[in-house]
Each structure stands twice: as C-alpha cells, then as structure tokens.
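Undergrad: Each residue of the sequence shown is one higher than the last, beginning at 1 in this note's numbering. Input: one structure, supplied below.
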Amino acid sequence: MDIQRARHYTQTMLAASSTVDESDYLLSHALGKDRAWLYAHSQYQLNRTQSTRLKQLVEKRKAGTPLAYLKGYREFYGLNFIVNETVLIPRPETEIAVAQAIESMPPHARLLDLGCGCGNIAIAVAHHRPDLDIVASDVSAEALAVARNNAEQHRCKITFVQSNWYQNIDGRYDWIISNPPYIAYNDADADDHAISAEPKLALYAEDNGTAGLKAVITDAATHLSKQGVLLVEHGYKQADITAQLMHATGLCRIRHLKDLAQYPRYTMARLI
C-alpha cells in the first residue's frame with residue numbers, strides 16, 4: 001500500500017480516537033521519516049517490513065498504549081524528552097511550574113526536583129537557567145536512567161540521586177519543585193484508559209491521594225534555605241488540603257497558581 005492508503009488504514013483502524021496528526025505520527029514512526037516527507041511522497045509504496053511495523057503500532061495504539069510511548073518521546077517546554085513505560089508522560093500544565101521557576105529563581109540558586117520522572121522539569125529549567133545548581137531525585141532507578149539520558153541529550157548539568165523523597169537528599173535548597181502522585185486509588189474521575197499504561201507509582205497515592213503531597217510538604221522546611229520556596233503540583237480539588245499542609249509545616253505566603261483550564265493546580269509557599 002502507498003502512503004495515502006496507509007493513512008486511511010490507520011485512521012479507519014483507530015476510528016473515533018484517531019486524528020490526522022496521530023495517523024501521520026504513527027506512519028512517520030513506522031517509516032522513519034518526518035511528516036513533510038510523507039506529504040512529499042504520497043505515492044511511496046510501503047515495503048513488507050514497514051507495513052508490518054505500522055500494523056504493530058496501530059494495534060498497540062488500539063490497545064491503549066499512549067502515543068508518546070509509541071513515538072518514544074514527548075515534547076515539553078520546547079524540548080523533546082525520551083519517555084517509556086517507566087516514566088510519567090510530561091503534561092502541558094506542568095510547563096507553568098517550569099516557567100515560574102525560570103522567571104523567579106535568583107542567580108546561582110539551588111533547585112531540587114523531587115520525584116523527577118523523565119527529568120522534564122529539571123532539564124527544562126536547566127536549559128534556560130544554566131547558572132542554577134540543580135539536583136533531581138526519584139525512587140525509581142529506571143526513571144533515573146531515562147532522566148540521565150535526557151540530560152545528556154540536552155547537555156544539561158544536573159546531579160541525579162536515587163531517593164525515596166528526602167531520604168537520600170542532603171543540604172538545603174532555594175527552591176524545591178515536586179509533582180508527586182496525587183490520584184486516589186478509588187478516584188472514579190481517574191478511571192481513564194489513557195493513563196492506564198503509565199506507571200502507577202507516579203500517579204496514585206494512599207491516604208485518598210495525599211500521601212505523596214504529605215511526604216513532600218511535611219519535611220520541606222528541613223531542606224529549604226531561609227526564604228526558600230516550595231512549589232507543588234496537585235489535583236485541582238486538592239488546593240485547600242495542600243495549603244493546610246504547608247501552613248501546618250510552618251511555611252508562609254501560600255498562594256495558588258492556575259493551570260491552562262483555570263483550575264488551581266499548583267501551590268507555592270515560602271520558608272521565612
């Protein structure tokens with residue numbers, strides 16, 4: 001089949017869940033060509049290997065594998081990040097936290113990215129603020145391997161530490177940023193086929209989704225420098241409990257930041 005027929009086949013097989021962009025991404029990946037090449041060679045005939053590869057990708061997509069995992073990367077803050085089934089796929093709303101750090105951190109400050117996953121937060125900040133001293137940690141050795149590869153790809157100097165939250169973290173930091181798991185295991189709103197392939201460790205938390213938030217916030221004061229800032233991402237219904245946890249820990253100047261849908265998605269506070 002040629003590219004036109006292959007595109008039609010992909011869209012037909014994926015039905016309502018498919019878009020032209022998604023179809024082209026799968027086709028590009030199967031052929032190892034970019035989208036511009038596809039449109040310039042619409043009569044190109046796929047060979048047997050390419051056809052088989054495309055069908056395998058389509059079947060995986062139908063089964064619920066996220067497009068980012070099939071492609072092997074996800075764009076975030078203008079950079080491409082390697083992703084696989086061991087890391088959470090970066091979300092566009094997290095870019096707001098990155099922008100806040102880039103714009104607000106003082107020169108040569110120390111930043112801790114707690115629970116870094118593929119490293120998208122730490123690396124995006126480092127890419128724009130090479131003056132910063134950045135440490136990124138994760139409990140998962142597999143996730144750290146992906147993060148290190150991403151840091152090398154973008155030539156960012158970051159210290160990576162395997163740690164269960166603050167367990168292996170030394171010293172104090174001017175900023176701590178964390179996007180911990182915050183979905184409750186019984187949250188009906190989170191029963192989404194789209195996230196079923198992502199690592200549950202990075203998504204779900206005990207205590208009605210607050211265990212990760214508590215772990216990040218409760219010990220933050222002992223790892224923040226004076227006037228240090230804690231910035232935490234959370235569920236859109238968790239702004240109040242997050243603020244309460246910060247207040248109980250002794251953090252001040254608590255305020256919320258809204259995501260792209262205008263929901264309170266981040267809470268930041270300062271150690272006075």
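Here a beta-carbon is modelled for each residue, glycine too, at the ideal position from N, C-alpha and C. Only a predicted model underlies this, so the values are computations on that prediction, with no experimental measurement involved.
Between the Cα of K55 and those of L111, V98 and R5, spot the shortest distance and give me the residue it belongs to.
TA: K55 has its Cα closest to that of R5, out of L111, V98 and R5.
Undergrad: Quick one: what does DSSP say Q45 is sitting in, helix, strand or coil?
TA: Three-state DSSP puts Q45 in a strand.
Undergrad: Could you say which of C116, A145, V146 and N149 lies nearest to S137 if we only look at CA atoms?
TA: It is C116 whose Cα lies nearest to the Cα of S137.
Undergrad: What residue does the alpha helix (DSSP H) around Y263 start on, and which one ends it?
TA: Element bounds for Y263: n/a, residue is neither H nor E.
Undergrad: Using a Cβ-Cβ cut-off of 6 Å (strictly less than) and excluding sequence neighbours within five positions of V297, which residues of its own chain qualify?
TA: With the chain running from 1 to 272 in the structure shown, residue 297 is simply not present.
Undergrad: Report yes if the C-beta distance between I123 and H154 is below 8 Å; otherwise report no.
TA: In this structure, H154 lies closer than 8 Å to I123 by Cβ.
Undergrad: Tell whether a beta-carbon distance below 8 Å holds between S28 and Q11.
TA: Not in contact: S28 and Q11 (Cβ atoms no closer than 8 Å).
Undergrad: Which first and last residues belong to the alpha helix (DSSP H) in which H29 is found?
TA: Counting along the chain, the alpha helix (DSSP H) containing H29 begins and ends at V20 to L31.
Undergrad: Since V98 and L111 should fall inside the 8 Å C-beta cutoff, what is the C-beta to C-beta distance between them, to a whole number of angstroms?
TA: V98 to L111, Cβ: 11 Å. No contact.
Undergrad: Nearest to V139 by alpha carbon, out of L201, W37 and D240?
TA: When only C-alpha atoms are compared, the closest one is L201.
Undergrad: What span of residues does the beta strand (DSSP E) with R110 cover, start to end?
TA: Start and end: R110 to L114.
Undergrad: How long is the line joining the alpha carbons of G235 and I254, rounded to whole angstroms?
TA: Computed Cα separation, rounded: 17 Å.
Undergrad: Measuring CB to CB, does T222 end up less than 8 Å from M246?
TA: Result no, Cβ atoms of T222 and M246 do not sit closer than 8 Å.
Undergrad: So, I323 versus T249, is the Cβ gap smaller than 8 Å?
TA: Given that the chain is displayed from residue 1 to residue 272, the structure contains no residue 323 and the question cannot be resolved.
Undergrad: In this structure, how does DSSP classify Y182 when only helix, strand and coil are distinguished?
TA: Coil at Y182, not helix or strand.
Undergrad: Taking the DSSP output, what are the residues bridged to C252?
TA: Answer is R270, bridged to C252.
Undergrad: Could you compute how far the alpha carbon of Q162 sits from the alpha carbon of Y25?
TA: Whole-angstrom Cα-Cα distance: 34 Å.
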